[in-house]
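Residue 70 is where the sequence shown starts when you use this note's numbering, and the numbers rise one by one after that.
Beta carbons are placed, not taken as given, at the ideal position from N, Cα and C, and that holds for glycine.
Here's the structure, in structure tokens; my notes come after.
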Amino acid sequence: AATLNLDGLAEAERVASSLAHFDVHDAEVRERLSKWLLRPLPASRLVGLGMDLAAVGLSNSVSPTLARHVRARARSSEVVTAVGAEVAGALHAAYE
70 AATLNLDGLA
80 EAERVASSLA
90 HFDVHDAEVR
100 ERLSKWLLRP
110 LPASRLVGLG
120 MDLAAVGLSN
130 SVSPTLARHV
140 RARARSSEVV
150 TAVGAEVAGA
160 LHAAYE
């Protein structure tokens, strides 16, 4: 079975968290980090990274294709089961 290569994910999460904490809207960095959201991340990590990037401007208007992907994952039974309907709903709403 192939394993998901998460090398660099922890660093991406730290950077995204810092951007959100300090309210830094850097489109170039945000775009680079957003590529992680397209990977099959574990639900809790998808939510954390997704919410941090939404807080600094990643949205449906900025990246409709990526937002559509995040909304689909947020609706998935895997994500809803892992993080709960309320958290999954918040992620979905952040990308509407």
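First through last residue of the alpha helix (DSSP H) which encompasses residue i
i	result
SER146	146 to 152
SER87	78 to 90
ARG101	96 to 103
Simplified DSSP state of residue i, which is helix, strand or coil
i	result
ASP121	helix
SER130	coil
LEU107	helix
Closest residue to residue i among the options (Cα-Cα distance)
i	options	result
GLU100	LEU127, SER113, ARG83 and ASP92	LEU127
VAL149	SER132, VAL116 and LEU75	VAL116
ALA154	TYR164, ALA143 and ALA163	ALA143
SER87	SER130, ASP121 and ARG114	ASP121
ASP76	HIS94, VAL93, TRP105 and GLU97	TRP105
Local Cβ density within 10 Å of residue i, reported as buried at 16 or more and exposed below that
i	result
HIS161	buried
LEU107	exposed
VAL139	buried
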